[in-house]
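Trainee: This is the structure I want to talk about, given as structure tokens.
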Amino acid sequence: MTTRRFWVYIEQEQGQVHPVSWELLGVARRLATEVAEEAAAAGDVISVEGLLLGHDVRSIAEEALQYGADRVYLMDDPVLHSYRNCPYYMSIASLAKKYEPEVFLVGATTLGRDLAGAIATALRTGLTADCTKLEMGEVKGASQKLLLATRPAFGGNIMATIVCRKHRPQMSSVRPRVFPAPSRDPNRQGEIVEEEVEVTEEGARACILEFIHAKEDAVDIEYSDVIVAGGRGLNGPDGFKLLKALADEMGGVVGATRPCVDAGWISYAHQVGQTGKTVRPKVYVAAGISGALQHKVGMQNADFIIAVNSDANAPIFEVADVGIVGDLFEVIPAMIEDIKARKEARA
Amino acid sequence: MFHALVAIKQVPDTTNIRIDPDTGNLVREGVPAIMNPYDAHALAAAVEWKRKLNGRVTVISMGPPSFTTTLREAIELGADRAILLSDRKFAGADTLATSYVLAEVIRAVHSDDPVDLIFFGKQAIDGDTAQVGPGVAVRLDFPIVTYAVNVRAIDLNEATIVVERKTERWTEVVETPLPALVTCEKEIAAIPFAPLPDLIKSLRYDPEIWTLAGPVEFAADEIGVRGSPTIVYQMGTPPLPEAGEKINTREAGVSATLDLVFKKAEDAGVLDAMLGGAQ
Ligand SMILES: Cc1cc2nc3c(=O)[nH]c(=O)nc-3n(C[C@H](O)[C@H](O)[C@H](O)COP(=O)(O)OP(=O)(O)OC[C@H]3O[C@@H](n4cnc5c(N)ncnc54)[C@H](O)[C@@H]3O)c2cc1C
Ligand SMILES: Nc1ncnc2c1ncn2[C@@H]1O[C@H](COP(=O)(O)O)[C@@H](O)[C@H]1O
């Protein structure tokens, strides 16, 4: 009997968990289910496990159990207080050698990318970046199902499915919001395993002298429920003022395509797409956006997409739930008024 | 004397990529090859510090012989020495095999002529993996600072650097011992105009070509396809989602159009979100 372990890195900084951690626990649970039958037949046990490093973070381990982990390995030590590459990757690599996970998922955040590449190299295994689809599937010549990790290649025009046949763990990074977060079950129980931290302060080889918090532009489009996004059809920076008015009315934020960001109409923090943010709002309004692949990959998982475009053949209509063929300078102001009226009628 | 090393990749200029409208495939012919933009900025930072500290800059790259044009460009931008790792057996490398080859080359350069600081781009725009830098740092057992936006100070006597790195949450100011590896954002340095002497030098410069035959020895099972744990198993085009209803404002009128939008929103259960959240 062996234990097939599906690992998720639980990302936290200064006690703040990155929600991608929960999204990945949801994925890991699904992957585990996909091998359930195979495991049962072989008498193997399946375990979805979180990995949590930090200082004074035990409460987060409990939260991870509620989001679906069967077990959380906790490394809690002052040396892990703030994220630093060396102590983190070394600690995780030694845990991975001890428990030999089959699959290991890490969020493709700045922290996750810094970490994942180092761990994969330390373990001499394969790592597939920015996966948009993950499943356990049969591969010719393999005795067990393998992780099929699909990611966009060539600017999103082709989807490549990558497998890691022999080396373990099979590692993937996934951007925030590509997968939905599972719901939290406050009654769910599991095991928290405290692990020894061997790295010392000398071994950390980096000292963070200062944290500088940016004042400007703290827009968080990734986790907004409503995004009103604009493209080149806005004709200039003023167009974004119009969208901002709609976004304010809807309680949302403004998004943008890359050409608008490149032209300086709006800052990079607003960019949606392959080289910007992946979003998953309840409502996405796309105004004056043609719907290039590189943009669509960042927004097509929205629950409800409204597209406004004067060109009836614009590819954005392929992903829209409702497509408005028309002039955005006519439609958006009308929509603002309409929403105001509907809100008043409700009150 | 300060010795910086920069790892540079040549990439297709993805901002100019064209898609065949019939097949939906990438048209590779005629796509210009450029120096990976992040690597160009990393090189600019290395050259700035070389001028400040009176040092030198070595650039390395792994790829086909056509990469020499990019290495010449690096000389033009102020590098002093360029090495190209080129051998058919290196082809098909994933990030693990790539980090092996680059680390072995850096080790060889370092043992002849110690390197203080290694610059990488934050990622290559053709793969966007951002894995090779951390991989090389682990193999060399050098500390790494990723997403660097500014090298504030280099102290060769104390053998330390102070670097600002930008994460999603904040900017960190990090001190780390040398030798170290940094991966760079574009803000790290502006790309300068090449001074005339460097321009002339680059025209006559031939990068050193290193192969499997030497001067560095490589383990056959760590390079190319054999050294790559990941393989591309399948390729496909992204699935098309189902399109929703389309309505033309000129035919239906704006107000009827919006009525349809709100009805659909209600059906989809997002009406509250449309109206500024649950009231
Ligand atoms: C490697 C790579 C990465 C990329 N990454 C991204 C990314 O992350 N995000 C991104 O967005 N793009 C990205 N791109 C760029 C992408 O390919 C497209 O060029 C871009 O998304 C197009 O932006 P757009 O829709 O604003 O402009 P356009 O394609 O020019 O579309 C403008 C649209 O506005 C419509 N329009 C004009 N006037 C009006 C009006 N008055 N009312 C209504 N509609 C109007 C037009 O019909 C047209 O459809 C990337 C490209 C590459 C090669
Ligand atoms: N073949 C290569 N030759 C030289 N440097 C490379 C090569 N591949 C990647 N790099 C370096 O590694 C960085 C990150 O690349 P990647 O991990 O592919 O996104 C690049 O910006 C380069 O500095």
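Chain order of the listed sequences is A and B. Residues in the first sequence are numbered consecutively from 833, following the numbering used here. Residues in the second sequence are numbered consecutively from 2, following the numbering used here. Idealized CB from N, CA, C, for every residue including glycine. Since the structure is predicted, the reported quantities are computational estimates derived from the model, not experimental observations.
Along chain A, in chain order, which residues have C-beta atoms closer than 7 Å to that of Leu-259 of chain B?
Mentor: Result: Ala-1166, Met-1167, Asp-1170.
Trainee: Against chain A, does Ala-266 of chain B count as a neighbour if the rule is that its beta carbon must be under 8 Å from one of theirs?
Mentor: yes
Trainee: Would you call Val-935 of chain A buried or exposed, if buried means 16 or more other Cβ atoms sit within 10 Å of its Cβ?
Mentor: buried
Trainee: Buried or exposed: which applies to Leu-200 of chain B, given that a residue is buried once 16 or more other Cβ atoms fall within 10 Å of its Cβ?
Mentor: exposed
Trainee: Restricting to Cα atoms, I'd like to know which of A:Ala-981, A:Lys-965, A:Ser-975, A:Ala-954 is closest to Ala-138 of chain B.
Mentor: A:Ala-954
Trainee: Could you confirm whether any beta carbon from chain B is found closer than 8 Å to the beta carbon of Cys-1039 of chain A?
Mentor: yes
Trainee: Please list, in chain order, the residues of the segment 84-107 of chain B that have any C-beta partner in chain A closer than 8 Å.
Mentor: Asp-95, Thr-96, Leu-97, Ser-100
Trainee: Can you give me the Cβ contacts of Gln-1002 of chain A inside the same chain, cut-off strictly under 6 Å, excluding the 5 residues immediately before and after it?
Mentor: Val-935, Leu-979, Cys-996
Trainee: With contact counted as at least three CB pairs below 8 Å, one residue from each stretch, are the segment 1027-1036 of chain A and the segment 964-982 of chain A in contact?
Mentor: no
Trainee: Quick check: the segment 80-99 of chain B against the segment 58-67 of chain B, are at least 3 beta-carbon pairs closer than 8 Å?
Mentor: yes
Trainee: Tyr-905 of chain A: beta carbon under 7 Å from a heavy atom of ligand 2?
Mentor: For ligand 2, not one heavy atom lies less than 7 Å from the Cβ of Tyr-905 of chain A.
Trainee: Check each candidate in A:Pro-1008, A:Pro-1069, A:Pro-1113, A:Arg-1112 and name the one with the smallest Cα separation from Asp-1093 of chain A.
Mentor: Reading off the sequence, residue 1093 of chain A comes out as Val, not Asp. Looking from the CA of Val-1093 of chain A, the closest CA among A:Pro-1008, A:Pro-1069, A:Pro-1113, A:Arg-1112 belongs to A:Pro-1069.
Trainee: Out of curiosity, what's the CA-to-CA distance linking Pro-144 of chain B and Arg-916 of chain A?
Mentor: 10 Å
Trainee: Under 8 Å between C-beta atoms, does Asp-1057 of chain A make it to chain B?
Mentor: yes
Trainee: Around the C-beta of Ala-274 of chain B, are 16 or more other C-beta atoms found within 10 angstroms, so that it is buried, or is it exposed?
Mentor: buried
Trainee: Can you check whether the CB of Ser-923 of chain A is closer than 8 Å to the CB of Val-1029 of chain A?
Mentor: yes
Trainee: Consult DSSP for Thr-184 of chain B and reduce its assignment to one of helix, strand or coil.
Mentor: strand
Trainee: Please return the same chain residues whose Cβ sits closer than 8 Å to the Cβ of Val-1129 of chain A, not counting the five positions on each side in sequence.
Mentor: Thr-964, Pro-984, Gly-988, Gly-1105, Gln-1106, Thr-1110
Trainee: Between Asn-249 of chain B and ligand 1, is the CB less than 7 Å from at least one heavy atom?
Mentor: no
Trainee: Which residues of chain B have a Cβ atom closer than 9 Å to the Cβ of His-1045 of chain A, listed in chain order?
Mentor: Arg-170, Trp-171, Thr-172
Trainee: Report the partner residues of Met-991 of chain A according to the DSSP bridge assignment.
Mentor: A:Pro-984, B:Gly-237
Trainee: Go to Tyr-905 of chain A, then tell me how far its beta strand (DSSP E) extends in each direction, as first and last residue.
Mentor: 903-908 is the extent of the beta strand (DSSP E) around Tyr-905 of chain A.
Trainee: On the DSSP bridge assignment, give the partners of Arg-836 of chain A in chain order.
Mentor: Answer is A:Ile-878.
Trainee: For Tyr-148 of chain B, which residues in chain A fall below 9 Å Cβ to Cβ?
Mentor: Ordered by position in chain A, the residues that pass the 9 Å Cβ test against Tyr-148 of chain B are Thr-942, Arg-945, Asp-946.
Trainee: Between Ala-954 of chain A and chain B, is the shortest Cβ-Cβ distance under 8 Å, so that the two count as touching?
Mentor: yes
Trainee: At a CB distance below 8 Å, what residues from the segment 227-249 of chain B approach chain A? Give them in sequence order.
Mentor: So the list reads Ser-229, Pro-230, Thr-231, Ile-232, Val-233, Tyr-234, Gln-235, Met-236, Gly-237, Thr-238, Pro-239, Leu-241, Pro-242, Ala-244, Gly-245, Glu-246, Lys-247, Ile-248, Asn-249, given in the order they occur along the chain.
Trainee: Closer than 7 Å by beta-carbon distance: list the chain A residues that pair up with Glu-209 of chain B, in chain order.
Mentor: What Glu-209 of chain B touches in chain A: nothing, since even the nearest Cβ is about 26 Å away.
Trainee: Is any heavy atom of ligand 2 found at a distance shorter than 7 Å from the C-beta of Lys-10 of chain B?
Mentor: yes
Trainee: Determine, using beta carbons only, whether Val-1115 of chain A and Val-271 of chain B come nearer to each other than 8 Å.
Mentor: yes
Trainee: Would the C-beta of Ala-46 of chain B count as close to ligand 2, meaning under 7 Å from any of its heavy atoms?
Mentor: no
Trainee: Indicate whether at least one CB of chain A lies closer than 8 Å to the CB of Ala-191 of chain B.
Mentor: no
Trainee: Specify, as a first and last residue, the run of the alpha helix (DSSP H) that Thr-212 of chain B falls within.
Mentor: Segment: none, Thr-212 of chain B is in no alpha helix (DSSP H) and carries neither H nor E.
Trainee: Of the residues that make up the segment 1097-1115 of chain A, which ones have a beta carbon closer than 9 Å to any beta carbon in chain B?
Mentor: Gln-1106, Thr-1107, Pro-1113, Lys-1114, Val-1115
Trainee: Does the distance between the C-beta of Thr-147 of chain B and the nearest non-hydrogen atom of ligand 2 fall short of 7 Å?
Mentor: no
Trainee: Sort B:Asp-127, B:Trp-211, B:Lys-265, B:Ala-214 by Cα distance to Thr-96 of chain B and report the nearest one.
Mentor: When each option's Cα is compared against that of Thr-96 of chain B, the closest is B:Asp-127.
Trainee: Report the residue from B:Gly-254, B:Thr-212, B:Pro-230, B:Thr-161 whose alpha carbon sits nearest the alpha carbon of Glu-105 of chain B.
Mentor: B:Thr-212
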